[in-house]
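Participant: This note's numbering applies: residue 1 is where the sequence shown begins, and numbers increase by one.
Positions of the beta carbon are idealized from the N, C-alpha and C atoms, including for glycine.
Dropping the structure in here first, questions after.
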Amino acid sequence: MSDTAQIIVDGKSLELPVIEGSESEKAIDISKLRGSSGIITIDPGFKNTGSTQSAITFLDGEKGILRYRGYTIEELAEKSNFLEVSYLLIYGELPTTEQYNEFASSITNHTLVHEDVKKILEGFPSVAHPMGVLSSLVCAQTAFYPESLDPNRSHGDVDMSIIRLIAKMPTFAAWSYKNKIGQPVIYPDNKLNYTGNFLKMMFALPAEEYLADPVVADALDKLLILHADHEQNCSTATVRVVGSSHASMYASISAGINALWGPLHGGANQAVIEMLEGIKADGGDTKKWMAKAKDKNDPFRLMGFGHRVYKNFDPRAKIIKKAADDVLEKLGVNDPVLDIAKGLEEEALRDPYFVERKLYPNVDFYSGIIYRALGIPTDMFTVMFALGRLPGWIAQWKEMRENKEPIGRPRQVYTGANDRTYVPLNER
Ligand code: ACO
């Protein structure tokens with residue numbers, strides 16, 4: 001097999017190296033193309049562009065494979081827990097019992113946030129979307145831990161930022177919700193595990209004895225694992241690009257939260273439920289909405305369908321669909337919105353428009369249904385996604401820094417006006 005590629009531009013032939021990943025995927029290395037030829041490549045949305053070589057997550061969109069550090073998502077979702085998976089993603093190997101205990105106990109010991117965070121929180125109007133609040137609170141940590149501003153400082157400081165971020169995100173997330181509904185915040189309970197503590201901060205009332213239903217806590221833990229990393233998606237690429245300027249980990253993750261917020265990315269889980277509720281309120285005619293999704297003159301898209309890289313099936317959607325059925329059954333929830341979801345899925349899977357374009361339900365199609373069953377309010381869905389994606393963002397930020405990657409700075413093809421002479425205002 002050739003290990004070079006040739007391109008011919010203006011009759012001149014250029015030879016480019018081809019590199020190969022550990023799963024035999026090939027890439028033409030164009031990093032020296034401009035230097036030797038003055039030519040750049042263009043690829044809006046980076047549909048064919050690899051921005052990095054990464055050892056964290058492998059996914060094969062055609063075969064529906066997703067692995068973190070070589071372990072399949074199916075096995076991790078079944079046998080592991082979120083903190084163990086976080087350790088795996090960030091440090092590259094599954095922890096020993098001793099490493100796990102130390103990691104988990106450090107996280108438990110840093111769940112409390114500075115009291116002044118409450119003052120920042122109280123400054124937000126009650127209509128504030130929790131994603132905006134979350135990204136603000138994460139970025140505000142640079143003020144409480146100014147040593148984090150210099151990511152070159154020492155490994156110890158970076159490790160501390162990692163622990164603090166994983167420990168405090170559930171506190172920020174739950175507090176943003178409490179603030180929104182006008183209830184006093186609930187302080188972290190270090191006797192509880194990661195998801196049990198989060199659920200208590202979300203749902204307990206002051207001085208109330210609260211213990212989360214283990215079915216709910218386990219389902220949530222599984223959802224966090226499924227969302228923990230997904231290689232170079234929109235928010236992760238954002239984290240790496242922001243971090244490539246040597247911005248702090250808090251600033252980089254805060255930027256990732258904002259990128260995740262949009263409905264074409266993590267915000268889809270909220271958009272899916274709102275869409276399903278809208279269809280239900282409109283009489284539940286799924287055929288009408290399928291037709292709208294296919295109509296090119298109608299901006300409506302079937303939220304939760306389609307994926308940039310999965311063109312066969314999203315393995316996370318498979319696990320989630322089963323988990324949704326289990327949770328609804330165990331909690332005895334009968335959700336009419338689920339029937340609409342199932343109806344839409346069945347129709348889409350046999351509709352030529354969706355089949356030809358390889359549009360399948362993605363992870364967000366079913367996650368919203370579970371979140372609803374677990375009692376999580378709709379505008380907190382994307383926050384849940386951010387909680388899950390956090391270790392992936394951290395692992396990718398850390399890898400980018402350790403690989404000493406250059407600042408992310410794309411080129412462009414300019415299409416604007418050519419050189420022209422300025423005309424003073426009074427002469428126009
Ligand atoms: N409903 C209807 N048509 C769709 C949908 C959809 N959900 N998704 C894609 N299409 C159509 C497009 O109109 C396009 O049709 P065309 O070839 O006739 O022009 C074709 O399928 C390809 O779509 P693109 O937008 O080019 O695909 P891309 O890879 O850029 O986008 C994306 C992927 C953003 C996920 C898209 O499928 C979408 O908008 N889905 C709905 C939002 C969603 O669920 N996002 C969550 C993604 S998962 C995640 O981020 C965790």
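(1) Which of the three DSSP states is assigned to E347 in this structure?
(2) Check whether the Cβ atoms of Y353 and I320 sit closer than 7 Å, and answer yes or no.
(3) Does DSSP put T286 in a helix, a strand or coil?
(4) With respect to 6 Å, is the separation between the Cβ of M303 and the closest non-hydrogen atom of ligand 1 below this value?
(5) Would V363 and L134 qualify as a contact pair, given that the criterion is a beta-carbon distance under 7 Å?
(6) Spatial neighbours of L33 within its chain, please: CB distance less than 8 Å, with the 5 preceding and 5 following residues excluded, ordered by chain position.
(7) Is the beta carbon of I30 less than 7 Å from the beta carbon of V18?
(8) Would you mind listing the alpha helix (DSSP H) stretches within the segment 61-140 that are 4+ residues and don't spill past its ends, in chain order?
(9) DSSP three-state call for A431: helix, strand or coil?
(10) Got a sec? Which residues, its chain only, sit under 8 Å from T49 by beta carbon, not counting five neighbours each side?
(11) Determine the closest residue to K311 out of I273, V117, G61 and M202, with distance taken between C-alpha atoms.
(12) A55 to T195, Cα distance in whole Å?
(13) For I163, which residues from the same chain have a beta carbon less than 7 Å from its beta carbon, with the 5 sequence-adjacent residues on both sides left out?
(14) According to the neighbour-count rule (16 or more other Cβ atoms, all chains shown, within 10 Å of its Cβ), is F300 buried or exposed?
(15) Report the three-state DSSP secondary structure of L302 (helix, strand or coil).
(16) Contact defined as beta carbons within less than 8 Å: I believe R69 pairs with L88. What is the distance between those atoms, to the nearest angstrom?
(17) Quick one: what's got a C-beta closer than 7 Å to H129's C-beta in the same chain, skipping five residues either side?
(18) For I65, which residues in the same chain have their Cβ closer than 8 Å to its Cβ, ignoring the five residues on either side in sequence?
(19) In three-state DSSP terms, what is K296?
(20) Would you call H246 buried or exposed, if buried means 16 or more other Cβ atoms sit within 10 Å of its Cβ?
(21) Going by DSSP in three states, I181 sits in which element: helix, strand or coil?
(22) If we ignore side chains and look at the alpha-carbon of each, how far apart do H307 and K330 end up?
(23) Does the beta carbon of H110 fall short of 6 Å from some heavy atom of ligand 1?
(24) Going by C-alpha to C-alpha distance, which of E274, I7, D150 and E20 sits closest to S36?
(25) Output yes or no for whether 7 Å exceeds the beta carbon distance between F385 and G368.
(26) Would you mind reading off the limits of the alpha helix (DSSP H) that contains I257?
(27) Entirely within the segment 204-241 and at least 4 residues each: give me those alpha helix (DSSP H) ranges in chain order.
(28) Should S22 be labelled buried (16 or more other beta-carbon atoms within 10 Å of its own) or exposed?
(29) Using the C-alpha atoms, what's the distance from S24 back to G332?
(30) Using alpha carbons as the reference points, say which of V423, M400 and R389 lies closest to D221.
Facilitator: By the coordinates alone:
(1) Here residue 347 corresponds to residue number 347 of the sequence shown, with the count starting at 1. Helix, per DSSP.
(2) Start at 1 with the first residue of the sequence shown, and residue 353 comes out as number 353. Start at 1 with the first residue of the sequence shown, and residue 320 comes out as number 320. Cβ atoms of Y353 and I320: not closer than 7 Å.
(3) Position 286 of the sequence shown holds residue 286. Correct three-state label for T286: helix.
(4) Taking the sequence shown and counting its residues from 1, the one referred to as residue 303 is at position 303. Within 6 Å of the C-beta of M303 there is at least one heavy atom belonging to ligand 1.
(5) Position 363 of the sequence shown, counted from the first residue, corresponds to residue 363. Position 134 of the sequence shown, counted from the first residue, corresponds to residue 134. Contact flag unset, no.
(6) For this step, residue 33 is matched to residue 33 along the sequence shown. Close CB contacts of L33 within its chain, under the 8 Å cut and outside five residues either way in sequence, are with L14, L16, I39, I40 and T41 (chain order).
(7) Along the sequence shown, one-based indexing puts residue 30 at 30. Along the sequence shown, one-based indexing puts residue 18 at 18. No, they are not a contact pair.
(8) When DSSP assignments are scanned along the segment 61-140, the uninterrupted stretches of alpha helix (DSSP H) that are 4 or more residues long and fall wholly within it turn out to be 73-79, 82-91, 97-108 and 116-122.
(9) Nothing about residue 431 can be read from this structure; the chain reaches only from 1 to 428.
(10) Residue numbering aside, residue 49 sits at position 49 when the sequence shown is read from its first letter. Closer than 8 Å at the Cβ level, and outside the excluded window around T49, lie T41 and D43.
(11) Taking the sequence shown and counting its residues from 1, one reaches residue 311 at position 311. Residue G61 is the option with its Cα nearest to K311.
(12) Position 55 of the sequence shown, counting from 1, holds the residue named residue 55. Position 195 of the sequence shown, counting from 1, holds the residue named residue 195. Rounded to whole angstroms, the separation of the alpha carbons of T195 and A55 is 28 Å.
(13) For the purposes of this step, residue 163 is taken as residue 163 along the sequence shown, with counting starting at 1. Answer for I163: S106, I107 and H110, listed in chain order.
(14) For the purposes of this step, residue 300 is identified with residue 300 of the sequence shown, where counting begins at 1. That one is exposed.
(15) Mapped onto the sequence shown, residue 302 falls at position 302. Under the three-state reduction of DSSP, L302 is assigned to coil, being neither helix nor strand.
(16) Stepping through the sequence shown from its first residue, residue 69 is reached at position 69. Stepping through the sequence shown from its first residue, residue 88 is reached at position 88. Between R69 and L88 a beta carbon distance of about 5 Å is seen, short of the 8 Å cut, so the two are scored as contacting.
(17) Residue 129 sits at position 129 when you count from the first residue of the sequence shown. Counting only Cβ-Cβ distances below 7 Å, and skipping sequence neighbours, we find D379.
(18) Translated into the one-based positions of the sequence shown, residue 65 becomes position 65. Result list for I65: F58, L59, T72 and P315, in chain order.
(19) In the sequence shown, residue 296 corresponds to position 296, counting from 1. When secondary structure is reduced to three states using DSSP, K296 falls in the coil class, being assigned neither helix nor strand.
(20) Numbered from 1 along the sequence shown, position 246 holds the residue referred to as residue 246. Under this definition H246 is an exposed residue.
(21) The residue given as residue 181 occupies position 181 in the sequence shown. Secondary structure of I181 (DSSP, three-state): helix.
(22) Here residue 307 is taken as the residue at index 307 of the sequence shown, counted from 1. Here residue 330 is taken as the residue at index 330 of the sequence shown, counted from 1. C-alpha separation (whole angstroms): 30 Å.
(23) Your numbering for residue 110 matches position 110 in the sequence shown. At a threshold of 6 Å, H110 does not count as near ligand 1, since its beta carbon sits no closer than that to any of the ligand's heavy atoms.
(24) Sequence index remark: in the sequence shown, residue 36 carries index 36 (1-based). Nearest option by C-alpha distance: I7.
(25) Sequence index remark: in the sequence shown, residue 385 carries index 385 (1-based). Sequence index remark: in the sequence shown, residue 368 carries index 368 (1-based). Result no, Cβ atoms of F385 and G368 do not sit closer than 7 Å.
(26) Along the sequence shown, one-based indexing puts residue 257 at 257. Where I257 is concerned, the enclosing alpha helix (DSSP H) stretches over M249 to W261.
(27) Within the segment 204-241, the complete alpha helix (DSSP H) runs of at least 4 residues fall at 214-226.
(28) For this step, residue 22 is matched to residue 22 along the sequence shown. Counting Cβ neighbours within 10 Å, S22 comes out exposed, since fewer than 16 surround it.
(29) Your numbering for residue 332 matches position 332 in the sequence shown. Your numbering for residue 24 matches position 24 in the sequence shown. Pairing G332 with S24, the inter-Cα distance amounts to about 46 Å.
(30) Here residue 221 refers to the residue found at position 221 of the sequence shown. Answer by Cα proximity: R389.
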